[in-house]
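Engineer: Position in the sequence shown counted from 1, then plus 2, gives you my numbering.
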Amino acid sequence: MSILAKRIAEAIRTHEPLPAFPEGLNLNNGYEIQLEVANLVAPDGFAGLKAGITSKQLQDIFGIDHALLGRLYRHGHLKSGAILPFIEKQLIECEIGITIDTDGQPVSAGAALEFAFATFSSPSDATAPNLTAGNVAADKFLTGEQHPWRKSYDDIIVRLYRDDALINEAPITESLGGPANAVQWMVQEAKRFNFEIPDGTLLMTGACGQVVAALPGTYRADYADLGEVNFTINE
């Protein structure tokens, strides 16, 4: 394991800024380091994959024309009713969680939210390869009940409430061209960078609507036909 990977893993575990990065890392370097980092952070393995930097606005900031992949830590998997500590600068993303089979075909889908965290020590370090090396801000994630895969999710709107006040509302098809396109892209990209995709892998396909600060409060996410999930962030 490289010294850089160990330093990144420690920063992720302690929710501290990522360490200084060497200049000139490319995306292949980023994914190689990510695997080292993720194995250090989550020795018990991974629950699936996440897509990050899915909006054109963020891609423009990072100078790329595509999303990035990260690994979901198995120990970071939460269920509805979870109580979380407040972590400054942590963000909440409303997503959809899709399970796939060994052939990369979607089997089911359900409510999913990500609790993301990543800060850089220097603004100049905020590059796509460096973010990839830091596992694309993966931290914790929460899922609801999975429902059999359907052809269309055009009618699903997610609404996130904090203390009964609406703080995000968006169609669940917003990220990566919708769930079906997202699965196709994520599976292709995972194969390109040699990710393992065992049966039952969970894919979280990116933020729908606004990314919101994970402030203290009682939260409820309404996913229409896909159900509701709730959680609390303590002071």
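Idealized CB from N, CA, C, for every residue including glycine.
Please read all numbers here as calculations on a predicted model, not as lab measurements.
Taking the beta strand (DSSP E) that R161 belongs to, which residues open and close that run?
Structural biologist: Element bounds for R161: I159 to R164.
Engineer: Could you pull the DSSP bridge partners for R222 from this structure?
Structural biologist: Paired residue(s): Y163 and N232.
Engineer: Answer yes or no: do P19 and A13 have a C-beta to C-beta separation smaller than 9 Å?
Structural biologist: Yes, the Cβ-Cβ distance between P19 and A13 is below 9 Å.
Engineer: Take the Cβ of I2 as the centre, count every other Cβ of all protein chains shown within 10 Å, and call the residue buried at 16 or more, exposed below.
Structural biologist: Residue 2 lies beyond the range of the chain shown here (3 to 237); nothing can be said about it.
Engineer: Identify the continuous beta strand (DSSP E) that holds F117 and give its terminal residues.
Structural biologist: Start and end: P108 to A118.
Engineer: Below 8 Å, how does it come out for the stretch 51-69 and the stretch 175-187: are there three or more Cβ pairs, yes or no?
Structural biologist: Yes: at least three Cβ pairs fall under 8 Å.
Engineer: Grab me the residues of L168's own chain with a C-beta within less than 8 Å of its C-beta, minus the 5 sequence neighbours each way, in chain order.
Structural biologist: Answer for L168: R161 and L162, listed in chain order.
Engineer: In whole angstroms, give me the CA-to-CA distance for L217 and I89.
Structural biologist: Roughly 8 Å separates the two Cα atoms.
Engineer: What's the gap between the Cα of P108 and the Cα of Q186?
Structural biologist: So the alpha carbons of these two residues sit roughly 9 Å apart.
Engineer: How would you call N30, buried or exposed, if buried means at least 16 neighbouring beta carbons within 10 angstroms?
Structural biologist: Classification of N30: exposed, given that the 10 Å Cβ count is below 16.
Engineer: Say yes only if the C-beta of G229 is nearer than 8 Å to one or more non-hydrogen atoms of the ligand NAP, and no if none qualify.
Structural biologist: Questions concerning the ligand NAP fall outside what the structure shown contains, since it holds no ligand whatsoever.
Engineer: Okay, do the stretch 205-213 and the stretch 38-57 touch, 3+ Cβ pairs below 8 Å being the bar?
Structural biologist: Judged by Cβ distances under 8 Å, the stretch 205-213 makes contact with the stretch 38-57, as three or more pairs qualify.
Engineer: Have a look at Y75, V189, A128 and V138 and flag the residue whose alpha-carbon is nearest the alpha-carbon of P24.
Structural biologist: With distances taken between Cα atoms, P24 lies closest to A128.
Engineer: So is N137 buried or exposed if we call it buried at 16+ other beta carbons inside 10 Å?
Structural biologist: Per the 10 Å Cβ criterion, buried.
Engineer: Where does I235 land, buried or exposed, given buried means 16+ other C-beta within 10 angstroms?
Structural biologist: Buried is the call here.
Engineer: Would A135 pass as a contact of A118 if the rule is Cβ separation under 9 Å?
Structural biologist: Cβ atoms of A135 and A118: not closer than 9 Å.
Engineer: Checking 9 Å against the spacing of the C-beta atoms, do G146 and G229 come in under that value?
Structural biologist: Yes, the Cβ-Cβ distance between G146 and G229 is below 9 Å.
Engineer: Please report how far the alpha carbon of E237 lies from the alpha carbon of P87, in whole angstroms.
Structural biologist: The alpha-carbon atoms of E237 and P87 are separated by roughly 7 Å.
Engineer: Give the straight-line distance between the Cα atoms of Q148 and I63, rounded to the nearest whole angstrom.
Structural biologist: For Q148 and I63, the distance between alpha carbons rounds to 34 Å.
Engineer: Where does H149 sit, in a helix, a strand or coil, going by DSSP?
Structural biologist: Here H149 sits in strand by DSSP.
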